[in-house]
Amino acid sequence: MAAKVEAVIEKSCLTIGEGPHWDERTQTLLYVDINDGSVHRWSPETGKDEKHKFDTFCSLVVPCKKGGYLVSVGNSVCHFDWDTKKLTTLQTVDEGKETRINDGKCDASGRLWFGTMGLEKTPAVVNKHQGSLFSLEIDGSVKKHKEGVSISNGLAWTADNKTMYYIDSIPRKVFGYDFDIKTGTMSNERVVVDLGGEDTIPTLGFPDGMTIDTDGKLWVACFFAGKVFRFDPETGKQIGAIDVPAKRTTSCCFGGKNFDEMYITCSLYGVTEDELKETPLAGSVFRATGLGAKGTPAPVYEG
Ligand code: BGC
Ligand code: CA
Numbered sequence: 296m297a298a299k300v301e302a303v304i305e306k307s308c309l310t311i312g313e314g315p316h317w318d319e320r321t322q323t324l325l326y327v328d329i330n331d332g333s334v335h336r337w338s339p340e341t342g343k344d345e346k347h348k349f350d351t352f353c354s355l356v357v358p359c360k361k362g363g364y365l366v367s368v369g370n371s372v373c374h375f376d377w378d379t380k381k382l383t384t385l386q387t388v389d390e391g392k393e394t395r396i397n398d399g400k401c402d403a404s405g406r407l408w409f410g411t412m413g414l415e416k417t418p419a420v421v422n423k424h425q426g427s428l429f430s431l432e433i434d435g436s437v438k439k440h441k442e443g444v445s446i447s448n449g450l451a452w453t454a455d456n457k458t459m460y461y462i463d464s465i466p467r468k469v470f471g472y473d474f475d476i477k478t479g480t481m482s483n484e485r486v487v488v489d490l491g492g493e494d495t496i497p498t499l500g501f502p503d504g505m506t507i508d509t510d511g512k513l514w515v516a517c518f519f520a521g522k523v524f525r526f527d528p529e530t531g532k533q534i535g536a537i538d539v540p541a542k543r544t545t546s547c548c549f550g551g552k553n554f555d556e557m558y559i560t561c562s563l564y565g566v567t568e569d570e571l572k573e574t575p576l577a578g579s580v581f582r583a584t585g586l587g588a589k590g591t592p593a594p595v596y597e598g
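Everything in the sequence shown is counted per my numbering, starting at 296 for the first residue and increasing by one.
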């Protein structure tokens, strides 16, 4: 696989670049800069990177069918109207807990799945088991699906919607579940990819954001590894890799007109001077092409 990787939005993230979502309707890339509390909207056509800043952590952005966007702000899921800048809180989770919302994505029926994590002392070091996984249903209610999560992260579903994949970064595993799209429930947890013992942290890092291609293979951005790995969830084996010129790779999504390009975010937060010398493009958004794989449009929120 001879992927070409280029920085398309140079050094636009001041902290943790995350949550890339290709908005098919507007042909723009949405993403967030978590600790900066900002949401970004970039057009490859004009090269313009718009940014709006909230008061605290913003870790996910997904378009809403009725217009505007769902964003997380701290521990709340909110509706954001970019034209008027009006922010409306829809639901707040984990009240009284020292957590924040992290990654989130919609399933094919348009409900949002999102999780929380303990606050970090340094990157990837958290008070364990403080987080949970939730869904924001189309009627606006919230359901809790799982507790005891350390860093709630990547989500993906198979094309037939019968299987859901989910990452908790700290155990360094991708979990699989039987998924019921109608009721929005997950069951029968199993491990589909295990990155292994602590000795593999320097090479494989921590699994973070993820997406799925049309062959049902998983692409997992691995934090500290400077890679997006392609895994076969049937065998648990690594079957490909993209080298990213930044170590703290956080997430990825397919995009572009044909969904054959991959956008990759990374973090500048906690990057040392030595690391910055080695990877001066840390904090950029990258685009990988020539992958020999493609994705499908990411669902939007239907509520
Ligand atoms: C979180 C970061 C964390 C990283 C670890 C990200 O999703 O937002 O705070 O350091 O995962 O992989
Ligand atoms: Ca993430």
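Every residue gets a Cβ at the ideal spot worked out from N, C-alpha and C, and that includes glycine.
Is residue j closer than 7 Å to residue i when the C-beta atoms are compared?
| i | j | result |
| --- | --- | --- |
| Leu513 | Ile507 | yes |
| Asp398 | Asn448 | yes |
| Thr394 | Gly413 | yes |
| Ala302 | Gly585 | no |
| Ala403 | Pro594 | yes |
| Leu407 | Leu365 | yes |
| Ala516 | Thr544 | yes |
| Phe549 | Gly590 | yes |
| His424 | Gly443 | yes |
| Thr560 | Glu313 | yes |
| Cys353 | Tyr596 | no |
| Gly410 | Leu385 | no |
| Gly342 | Gly598 | no |
| Ile304 | Tyr564 | no |
Quick one: Cα of residue i to Cα of residue j, how far?
| i | j | result |
| --- | --- | --- |
| Val523 | Cys373 | 30 Å |
| Ser371 | Lys439 | 14 Å |
| Val566 | Lys416 | 14 Å |
| Thr599 | Val486 | One cannot answer for residue 599 here, as it falls past the ends of the chain, which runs 296 to 598. |
| Ile462 | Trp337 | 27 Å |
| Tyr558 | Lys441 | 29 Å |
| Glu570 | Gly578 | 12 Å |
| Leu324 | Asp503 | 19 Å |
| Leu382 | Glu432 | 19 Å |
Closest to residue i by C-alpha separation, out of the options, would be which residue?
| i | options | result |
| --- | --- | --- |
| Ser307 | Leu414, Met412, Asp328, Ser445 | Asp328 |
| Glu493 | Asp510, Met505, Lys477, Lys468 | Lys468 |
| Val420 | Ser464, Asp455, Lys392 | Ser464 |
| Ile396 | Asp473, Met459, Val486, Thr351 | Thr351 |
| Arg320 | Lys348, Phe474, Met481, Lys361 | Lys361 |
| Ser367 | Leu324, Glu305, Leu309, Ser430 | Ser430 |
| Leu355 | Cys401, Gln322, Thr323 | Cys401 |
| Val437 | Leu309, Thr480, Ser445, Asp455 | Thr480 |
| Gln533 | Glu568, Ser546, Gly491 | Gly491 |
| Val357 | Asp555, Lys348, His347, Phe375 | Phe375 |
| Phe518 | Asp538, Phe554, His347 | Asp538 |
Is residue i close to ligand 1? I mean its beta-carbon at under 6 Å from any heavy atom of the ligand.
| i | result |
| --- | --- |
| Asp503 | yes |
| Gln315 | Sequence inspection shows Pro at residue 315; the Gln mentioned does not correspond to that position. Result no, Cβ not under 6 Å from ligand 1. |
| Pro497 | no |
| Ile462 | no |
| Ala419 | yes |
| Phe349 | no |
| Ile559 | no |
| Ile311 | yes |
| Phe375 | no |
| Phe518 | yes |
Measure the beta-carbon distance from residue i to residue j and round it to whole angstroms, keeping in mind my assumption that it falls under 8 Å.
| i | j | result |
| --- | --- | --- |
| Lys542 | Gly521 | 4 Å |
| Asp473 | Asn483 | 4 Å |
| Ala680 | Val300 | Only positions 296 to 598 of the chain appear in this structure, which leaves residue 680 out of reach. |
| Pro315 | Tyr326 | 5 Å |
Please find out if some non-hydrogen atom of ligand 2 comes closer than 6 Å to the beta-carbon of residue i.
| i | result |
| --- | --- |
| Asp546 | The amino acid at residue 546 is misidentified as Asp; the sequence shows Ser. Under cutoff, so the answer is yes. |
| Asn448 | yes |
| Thr398 | Reading off the sequence, residue 398 comes out as Asp, not Thr. Yes, the Cβ of Asp398 comes within 6 Å of a heavy atom of ligand 2. |
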